[in-house]
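Chemist: Chain order of the listed sequences is B and S. Going by my numbering, the first residue of the first sequence is number 1, and it counts up by one from there. Going by my numbering, the first residue of the second sequence is number 470, and it counts up by one from there. All residues carry an ideal CB built from backbone N, CA and C; glycine is no exception. Keep in mind it's a predicted model, so treat the numbers as computed, not measured. The structure under discussion is supplied below as structure tokens; questions concerning it will follow.
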Amino acid sequence: MAQTLYDKLWLSHVVRDFADGSSLIYVDRHLLHEVSTPQSFVAMDKRGLRARRPEANLAVADHAVPTVNRDKPIADPMAARQTARLIENVARHKIPYIALDDIRQGIVHVMGPEQGFTLPGITLACGDSHTSTHGAFGALAFGIGASECGIVMATQALVQRKACNMKVVLKGAMPPGLTTKDIALKLIATVGANGAAGHAIEYVGPALADMGMEARMTLCNMAIEAGARVALIAPDATTFAWLKDRPMAPKGDLWEAALAYWQTLRSDADASYDREVEIDLEGLAPHATWGTSPEDALPIDAPIPDPALDANPQRGARHKKALDYMGLRPGQRLEGLPVDVVFIGSCTNGRLADLQAAAAVLKGRRVQEGVRAIVVPGSGLVKAQAEAQGLDHIFKQAGFEWRDAGCSMCVAMNGDTIAPGERCASTSNRNFEGRQGKGGRTHLMSPAMAAAAAVTGTLTDVRKLEALA
Amino acid sequence: MITPLTRITSRAAYFPETNIDTDIIFPARYLLRLEREGLGECAFRDRRFTSEGAEIADFPLHRDGWRGAQAIVAGPGFGCGSSREHAVWALVDFGIRLVIAPDFGDIFAGNAVKNGLLVLRLPKEVCDDLGRKADEGAQFELDMQAQTLCVDGMKVCDLGLSEEVQQAFLNGWDETDVILNRDLPAIEAFESGHKLRQPWLFA
Chain B
1 MAQTLYDKLW LSHVVRDFAD GSSLIYVDRH LLHEVSTPQS FVAMDKRGLR
51 ARRPEANLAV ADHAVPTVNR DKPIADPMAA RQTARLIENV ARHKIPYIAL
101 DDIRQGIVHV MGPEQGFTLP GITLACGDSH TSTHGAFGAL AFGIGASECG
151 IVMATQALVQ RKACNMKVVL KGAMPPGLTT KDIALKLIAT VGANGAAGHA
201 IEYVGPALAD MGMEARMTLC NMAIEAGARV ALIAPDATTF AWLKDRPMAP
251 KGDLWEAALA YWQTLRSDAD ASYDREVEID LEGLAPHATW GTSPEDALPI
301 DAPIPDPALD ANPQRGARHK KALDYMGLRP GQRLEGLPVD VVFIGSCTNG
351 RLADLQAAAA VLKGRRVQEG VRAIVVPGSG LVKAQAEAQG LDHIFKQAGF
401 EWRDAGCSMC VAMNGDTIAP GERCASTSNR NFEGRQGKGG RTHLMSPAMA
451 AAAAVTGTLT DVRKLEALA
Chain S
470 MITPLTRITS RAAYFPETNI DTDIIFPARY LLRLEREGLG ECAFRDRRFT
520 SEGAEIADFP LHRDGWRGAQ AIVAGPGFGC GSSREHAVWA LVDFGIRLVI
570 APDFGDIFAG NAVKNGLLVL RLPKEVCDDL GRKADEGAQF ELDMQAQTLC
620 VDGMKVCDLG LSEEVQQAFL NGWDETDVIL NRDLPAIEAF ESGHKLRQPW
670 LFA
């Protein structure tokens, strides 16, 4: 029977099936960070369990680490304690760890692919919902809870239920000024923030062939914001070229053997999907969010909907609450809305191509007075590459703070926060209430759009800014 | 460590809004804690208390008669967002053992079952109706042995859990132990074959 890529990845990892429809799945790789694993190690230690295959794991601190003063000890005692605990735990279990002062340190979903820890055809789990990112390589990758992190380390397996197949067709070519962040926001607005729950998304369409790995990672990263725990893009020549010679990628004959297998990783032509959604790229405008759910996304020039007119009263009620929280009115346009803070970074948009896109907008321009703008590279390597290209100068000359790598203002648990009522143009993935700090107001958008907001001090259609230049 | 779930007899608090995410259930600033115990005080923190620390009276679980309720009826998308298991630990520590909604965040739902929190998917019309009844103070009765949910004495549905899942709830079994006791030989057998098929993953 014809199979989808997801079917193939799933079937090649089934250890056994259970009567209730769930299966035991072998997990090839596990990424760990400091926030979701302290309790996992407690559960293992209590049972006297050891990591079954320490080398199948890779640990790094990213969520709670400061992005300034990295030569000094972590100032927040709780964050310091959490990172220290990770170091103790991985040492005891002989799990490889990338230290804070190592140039490879970075956000798990930036560092993993960079190191070649992420490979096509594997199952990869991590105690972080944005693990869907790694699906950009044709890996079956999904976020798990802390209990499951312990189970993976101890057994190399997880009980899971196979998801339904959902095909997301990107129709047409990428218009100028559009990014995969805009496509992701459009998709989430179309299906809803939990609309793809229970589904594994596979992106298909001619536009993918011309996309770099970073753009693909952004697309897969945001799938969880549509509810899909798994997102996939079939690996191709771009994928293989990106991975070749990465430190942890296979070498020599093993590379050749792996490559031969990876080239088979695609959906059969006649494979059937449970659901299909089409996103027409032609005429798609840059998007931004206005509310407190990623599904509250609109083209930058569109008016904010009126909750009173919503056909779904529950959604209308949530929208009303969201508008109050965001300090906005129905009918108001996002374009021209003043911002206080601009954040460029995160596992969604903290890679080299993202920084290049933002720098291209910022070159020769200045951040509007009164706007606090920070850029947080996704990893130490991204930072070094950006510096080698002189991007740090462009950012600094424009008035941005140039930080060290981490999750920073995306999850706002490392001290990088926005104040109550402050409005932030952010390249992160969630605009939930309080996500960037209690009472903070988040508008999600692409790096180029965030850079444009920094320059004008208001939410701006980056295409117009380009035209002005 | 997991408290068995045999029976609930309780009012239910109604949260009609869509997409109550895990940041609402468990704000990120508490994620620096290293423990999984005692997190109930963080549950819905910013919905329960003002910035000044005053209790918000109209929070569904603060209403007279609903304090200590063990069940929640929610809108679609409950638990969407982050993978933080803290959201489940906090709810359970707060006393919640049952959440009924049209659908849930996938990772949240997976975490729930590992911690004795039953998430029950019911059609949206049924959830809306149960929500109204919950607001009127109806008694929700869950019988894990019989696998039934009754509201004010009227049966709403069978739970439809597999026997394994039912037994895990009844006995407070932990999935780690289940896999260790049952599946290690199968994992070893799979691993040897996998090593031959994809040797580059074991180099």
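Take every Cβ of the region 350-367 of chain B, pair it with every Cβ of the region 315-333 of chain B, and state whether three or more of those distances are shorter than 8 Å.
Modeler: No, because fewer than three Cβ pairs between the region 350-367 of chain B and the region 315-333 of chain B fall closer than 8 Å, the two stretches do not touch.
Chemist: Report yes or no: is there a C-beta of chain S within less than 7 Å of the C-beta of B:Ala-157?
Modeler: The sequence position of residue 157 of chain B within the first sequence is 157, counting from 1. It does; some Cβ of chain S falls within 7 Å.
Chemist: To which residues does DSSP link B:Thr-289 through a beta bridge?
Modeler: Locating residue 289 of chain B in the first sequence gives position 289, counting from the first residue. B:Ala-297.
Chemist: Applying a beta-carbon distance threshold of less than 8 Å, which residues of chain S neighbour B:Arg-85?
Modeler: Position 85 of the first sequence, counting from 1, holds the residue named residue 85 of chain B. Those are Leu-503, listed as they occur along chain S.
Chemist: Are B:Thr-4 and B:Asn-165 touching if we call contact CB-CB under 7 Å?
Modeler: By one-based count along the first sequence, residue 4 of chain B stands at place 4. By one-based count along the first sequence, residue 165 of chain B stands at place 165. Contact: yes.
Chemist: Pull out every residue of the region 112-146 of chain B whose Cβ sits closer than 9 Å to any Cβ of chain S, in chain order.
Modeler: Within the region 112-146 of chain B, the residues whose Cβ lies closer than 9 Å to some Cβ of chain S are Leu-119, Gly-121, Ile-122, Cys-126, Gly-127, Asp-128, Ser-129, His-130, Thr-131, Phe-142, Gly-143, Ile-144, Gly-145, Ala-146, listed in chain order.
Chemist: Taking only the alpha-carbon atoms, compute the straight-line gap between B:Ala-451 and B:Val-361 and give it to the nearest angstrom.
Modeler: Walking along the first sequence from the start, residue 451 of chain B turns up at place 451. Walking along the first sequence from the start, residue 361 of chain B turns up at place 361. Going from the Cα of B:Ala-451 to the Cα of B:Val-361 covers about 6 Å.
Chemist: Use the C-beta contact count for B:Met-153: other C-beta atoms within 10 angstroms, 16 or more gives buried, fewer gives exposed.
Modeler: On the first sequence, position 153 is the one that residue 153 of chain B refers to. So B:Met-153 counts as buried.
Chemist: Quick check on S:Pro-592: does DSSP put it in helix, strand or coil?
Modeler: Position 123 of the second sequence holds residue 592 of chain S. If DSSP states are grouped into helix, strand and coil, S:Pro-592 belongs with coil.
Chemist: Determine the direct distance from the alpha carbon of B:Thr-179 to that of S:Gly-522, and round the result to whole angstroms.
Modeler: Locating residue 522 of chain S in the second sequence gives position 53, counting from the first residue. Locating residue 179 of chain B in the first sequence gives position 179, counting from the first residue. Each residue's alpha carbon lies about 42 Å from the other.
Chemist: Among B:Gly-112, B:Asp-45, B:Leu-100, which has the Cα closest to the Cα of B:Arg-92?
Modeler: The sequence position of residue 92 of chain B within the first sequence is 92, counting from 1. Of the candidates B:Gly-112, B:Asp-45, B:Leu-100, the one whose C-alpha sits nearest the C-alpha of B:Arg-92 is B:Asp-45.
Chemist: Kindly give me the distance between the Cβ atoms of B:Gln-160 and B:Ile-374, rounded to whole angstroms, as I take these residues to be in contact under 8 Å.
Modeler: Taking the first residue of the first sequence as position 1, residue 160 of chain B is located at position 160. Taking the first residue of the first sequence as position 1, residue 374 of chain B is located at position 374. Not really, about 38 Å apart at Cβ, beyond 8 Å.
Chemist: Residues in the same chain with beta-carbon distance under 7 Å from B:Ala-146, minus the five sequence neighbours each way, listed in chain order, please.
Modeler: The sequence position of residue 146 of chain B within the first sequence is 146, counting from 1. Counting only Cβ-Cβ distances below 7 Å, and skipping sequence neighbours, we find Ser-36, Thr-37, Gln-39, Ser-40, Gly-127.
Chemist: By a C-beta neighbour count over all protein chains shown, 10 Å radius and 16 as the cutoff for buried, is B:Ile-103 buried or exposed?
Modeler: Position 103 of the first sequence, counted from the start, is the residue given in the question as residue 103 of chain B. That one is exposed.
Chemist: Determine, for B:Leu-254, whether the minimum Cβ-Cβ distance to residues of chain S falls below 7 Å.
Modeler: Along the first sequence, one-based indexing puts residue 254 of chain B at 254. So yes, B:Leu-254 belongs to the interface.
Chemist: Do you know offhand how far B:Gly-378's Cα is from S:Gly-622's?
Modeler: To locate residue 378 of chain B, count along the first sequence from 1; it is residue 378. To locate residue 622 of chain S, count along the second sequence from 1; it is residue 153. If I take the Cα positions, the gap works out to 55 Å.
Chemist: Can you look up B:Met-211 in the DSSP assignment and give me helix, strand or coil?
Modeler: Here residue 211 of chain B is taken as the residue at index 211 of the first sequence, counted from 1. The answer is coil: DSSP assigns B:Met-211 none of H, G, I, E or B.
Chemist: Could you pull the DSSP bridge partners for B:Gln-160 from this structure?
Modeler: The sequence position of residue 160 of chain B within the first sequence is 160, counting from 1. BP columns for B:Gln-160 point to B:Ser-23.
Chemist: So, does the region 377-391 of chain B touch the region 471-481 of chain S, judging by three or more C-beta pairs under 8 Å?
Modeler: Verdict: no, contact absent.
Chemist: Which full runs of the beta strand (DSSP E) of 3+ residues lie inside the region 619-644 of chain S, going along the chain?
Modeler: Listed in chain order, they are 623-627.
Chemist: Does the separation of the CB atoms of B:Gly-135 and B:Cys-220 fall below 7 Å?
Modeler: Looking up residue 135 of chain B in the first sequence gives position 135. Looking up residue 220 of chain B in the first sequence gives position 220. Result yes, Cβ atoms of B:Gly-135 and B:Cys-220 sit closer than 7 Å.
Chemist: For S:Lys-624 and S:Ile-477, what's the separation of their Cα atoms in angstroms?
Modeler: Start at 1 with the first residue of the second sequence, and residue 624 of chain S comes out as number 155. Start at 1 with the first residue of the second sequence, and residue 477 of chain S comes out as number 8. Those two C-alpha atoms are separated by around 14 Å.
Chemist: Below 7 Å on C-beta distance, what does S:Cys-549 contact in chain B?
Modeler: One-based indexing of the second sequence puts residue 549 of chain S at position 80. Those are Ala-193, Asn-194, Gly-227, listed as they occur along chain B.
Chemist: Under 7 Å between beta-carbons, which chain S residues line up against B:Ser-293? List them in chain order, please.
Modeler: Here residue 293 of chain B corresponds to residue number 293 of the first sequence, with the count starting at 1. Ordered by position in chain S, the residues that pass the 7 Å Cβ test against B:Ser-293 are Asn-488.
Chemist: Which of the residues in the region 503-521 of chain S, read from start to end, lie with their CB under 8 Å from any CB of chain B?
Modeler: Flagged, chain order: Leu-503, Glu-504, Arg-505, Asp-515, Ser-520.
Chemist: Is B:Leu-11 close to chain S, meaning its C-beta is less than 7 Å from at least one C-beta of that chain?
Modeler: As a first step, residue 11 of chain B must be located in the first sequence, where it is residue number 11. Not closer than 7 Å to any Cβ of chain S, the Cβ of B:Leu-11 fails to qualify, so no.
Chemist: So for B:His-63, helix, strand or coil by DSSP?
Modeler: Counting from 1 along the first sequence, the entry for residue 63 of chain B is found at position 63. Coil at B:His-63, not helix or strand.
Chemist: Going along the region 597-618 of chain S in order, which residues come within less than 7 Å of chain B, judged by CB to CB distance?
Modeler: Listed in sequence order: no entries.
Chemist: According to DSSP, B:His-443 sits in a beta bridge with which residue or residues?
Modeler: Taking the first residue of the first sequence as 1, we reach residue 443 of chain B at position 443. Answer by DSSP bridge pairing, in chain order: B:Ala-425.
Chemist: Is there a Cβ of chain B sitting closer than 7 Å to that of S:Leu-587, yes or no?
Modeler: Position 118 of the second sequence, counted from the start, is the residue given in the question as residue 587 of chain S. Judged by the 7 Å Cβ criterion, S:Leu-587 is not in contact with chain B.
Chemist: State yes or no: is the C-beta of B:Val-27 within less than 7 Å of the C-beta of B:Leu-119?
Modeler: Walking along the first sequence from the start, residue 27 of chain B turns up at place 27. Walking along the first sequence from the start, residue 119 of chain B turns up at place 119. Against a cut-off of 7 Å, the Cβ pair of B:Leu-119 and B:Val-27 comes out as no contact.
Chemist: Using 7 Å as the limit for Cβ to Cβ distance, is S:Ile-569 near chain B?
Modeler: Here the question's residue 569 of chain S lines up with position 100 in the second sequence. So no, S:Ile-569 is outside the interface.
Chemist: Can you list, in chain order, the residues of the region 412-438 of chain B whose Cβ is nearer than 8 Å to any Cβ on chain S?
Modeler: Cβ contacts with chain S come from Ala-412, Met-413, Pro-420, Arg-430, Phe-432, Glu-433, Gly-434, Arg-435, Lys-438.
Chemist: Starting from S:Gly-543, trace the beta strand (DSSP E) both ways and give me its first and last residue.
Modeler: On the second sequence, residue 543 of chain S is found 74 positions in, with the first residue counted as 1. Per the sequence shown, the amino acid found at residue 543 of chain S is Ala instead of Gly. 540-543 is the extent of the beta strand (DSSP E) around S:Ala-543.
Chemist: Using a beta-carbon distance below 7 Å, is S:Ala-497 in contact with chain B?
Modeler: Locating residue 497 of chain S in the second sequence gives position 28, counting from the first residue. Chain B contact via Cβ: present.
Chemist: Pick out the complete beta strand (DSSP E) segments inside the region 46-111 of chain B, 3 residues or longer, and give them in chain order.
Modeler: Qualifying beta strand (DSSP E) stretches, in chain order: 57-60.
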